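Engineer: Yeah, the sequence shown ends on 296 if you go by the UniProt record's numbering, and it's all consecutive. Ideal Cβ placement from N, Cα and C applies to all residues, glycine included. Keep in mind it's a predicted model, so treat the numbers as computed, not measured.
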Amino acid sequence: MLLEVEINPGRANRARLNRSPVQRPRELLGILRTVVFSPEDLAIVKGDPGERRRFIDQLLITRWPRMAAVKADYDKVLKQRSALLKSLAGRSRSAQGDAEHTLAVWSDQLARFGAELLQARLRTLAELAPYAAEAYAAIAPRNNLAKITYAPAMPLPAGDDRDELAAALIEQMEQRREEELRRGLTLVGPHRDEITLELGDLPARGYASHGESWSFALSLRLGGFDLLRADGLQPVLILDDVFAELDATRRERLAGHVAEAEQVLITAAVAGDVPGQLAGARFIVEDGNITSEEQP
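Take a look at the structure:
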């Protein structure tokens with residue numbers, strides 16, 4: 001099987017499967033699943049809430065590729081609804097005209113797509129949490145327990161029933177309608193939610209050391225990898241320069257954790273950083289040229 005993706009700045013990206021074009025690149029999502037850890041993932045722990053929302057959305061889309069369309073639809077409706085609210089900001093009720101009906105239509109769609117996204121987030125986070133905690137304990141066993149919690153910006157019903165979530169979103173939009181009109185913003189929906197990360201009883205953001213934050217970010221990716229395997233999938237695990245930030249003990253623990261993966265791709269600036277038990281085919285990239293290195 002050959003998958004090809006062509007990134008074209010300023011133009012539509014293109015994708016091919018076995019040299020045949022596919023209509024949309026996102027159609028490849030259900031064919032090849034990957035879990036990637038890179039140094040930029042430190043932002044999941046140290047960055048703003050958007051980084052954590054992006055992480056969980058990437059994972060749920062990897063689990064259920066159709067959710068890519070749901071997320072895209074939610075973002076589209078959110079943009080349209082927010083633009084309408086902004087145009088109505090400061091107007092009197094009598095001056096709003098037919099816009100009130102249009103706003104109700106966007107609100108219904110936002111609740112529908114938002115409820116589906118919320119349901120997927122809640123289910124994925126609940127199932128991810130124990131895997132991430134286990135991965136953190138394997139990498140940093142002497143540190144505190146790693147905990148992940150979904151923190152919605154509005155009261156949610158018990159459970160994750162989609163119809164009940166949609167009704168709760170509609171109710172909140174109705175309650176905050178005047179505030180939204182005054183501010184010209186959509187203040188209700190999963191785009192406002194947070195995912196809290198804790199080590200022991202303290203929030204990781206602001207309290208965790210650099211090493212703890214790195215280990216936590218790595219454990220989130222490894223937890224996602226383990227969750228996908230529990231789903232019956234075999235994703236490709238990609239570790240981008242991960243070993244440079246770990247001491248020898250943690251390198252060996254990480255190597256032991258991922259040794260059973262069906263396929264692992266590792267990048268490293270220093271070959272000696274990669275534990276011997278992960279030895280495999282090795283390629284050298286230098287000045288844009290790729291050469292295969294013979295193994296002893």
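Is it the case that the Cβ atoms of residue 70 and residue 109 are separated by a distance below 7 Å?
Structural biologist: Going by C-beta atoms, residue 70 is not nearer than 7 Å to residue 109.
Engineer: Report the residue from 84, 236 and 235 whose alpha carbon sits nearest the alpha carbon of residue 181.
Structural biologist: Nearest of 84, 236 and 235 to residue 181, Cα basis: 84.
Engineer: Mark residue 178 as exposed unless 16 or more other C-beta atoms lie within 10 angstroms of its C-beta, in which case mark it buried.
Structural biologist: Exposed is the call here.
Engineer: What's the call for residue 234, buried or exposed, on a 16-neighbour Cβ count within 10 Å?
Structural biologist: Burial call: exposed.
Engineer: Ignore the nearest five residues each way along the sequence and tell me which others in residue 80's own chain have a CB closer than 7 Å to its CB.
Structural biologist: Answer for residue 80: 106, listed in chain order.
Engineer: Would you check if there are 3 or more beta carbon pairs closer than 8 Å linking the region 22-42 to the region 220-238?
Structural biologist: Result yes; three or more Cβ-Cβ pairs closer than 8 Å.
Engineer: Under the three-state reduction of DSSP, which class applies to residue 260: helix, strand or coil?
Structural biologist: Correct three-state label for residue 260: coil.
Engineer: Just verifying my parser: in three-state terms, what is the DSSP assignment at residue 246?
Structural biologist: The answer is coil: DSSP assigns residue 246 none of H, G, I, E or B.
Engineer: Assuming residue 228 and residue 63 form a contact by the criterion Cβ under 8 Å, report the distance between their Cβ atoms to the nearest whole angstrom.
Structural biologist: Their Cβ separation, rounded to whole angstroms, is 7 Å, which keeps residue 228 and residue 63 in contact under 8 Å.
Engineer: Quick one: grab the DSSP three-state call for residue 31.
Structural biologist: Correct three-state label for residue 31: coil.
Engineer: Alpha carbon to alpha carbon, how far is residue 22 from residue 203?
Structural biologist: Taking the straight line from one Cα to the other gives about 44 Å.
Engineer: Might you give, ordered along the chain, the residues of its own chain that have their beta carbon closer than 7 Å to the beta carbon of residue 189, omitting 5 neighbours on each side?
Structural biologist: Once the five neighbours on either side are set aside, the close Cβ partners of residue 189 are 78, 110, 114 and 169.
Engineer: Looking at residue 176: is its Cβ nearer than 7 Å to the Cβ of residue 185?
Structural biologist: The answer is no: Cβ separation not under 7 Å.
Engineer: So for residue 20, helix, strand or coil by DSSP?
Structural biologist: In this structure, residue 20 counts as strand in the three-state DSSP scheme.
Engineer: Which class does residue 254 belong to by DSSP, given the choice of helix, strand or coil?
Structural biologist: Helix.
Engineer: Could you tell me the distance, in whole angstroms, from the CA atom of residue 291 to the CA atom of residue 162?
Structural biologist: In a straight line, the C-alpha of residue 291 is about 51 Å away from that of residue 162.
Engineer: By DSSP, does residue 233 sit in helix, in strand, or in coil?
Structural biologist: Note: residue 233 maps to coil in three-state DSSP.
Engineer: Is residue 153 near residue 133, with beta carbons less than 7 Å apart?
Structural biologist: Cβ atoms of residue 153 and residue 133: not closer than 7 Å.
Engineer: For the region 59-94, list the alpha helix (DSSP H) runs that are entirely contained and at least 4 residues long, ordered along the chain.
Structural biologist: With a minimum length of 4 residues, the continuous alpha helix (DSSP H) runs that stay inside the region 59-94 are 67-88.
Engineer: Please classify residue 67: is it buried, with 16 or more other beta-carbons within 10 angstroms of its beta-carbon, or exposed?
Structural biologist: Buried is the call here.
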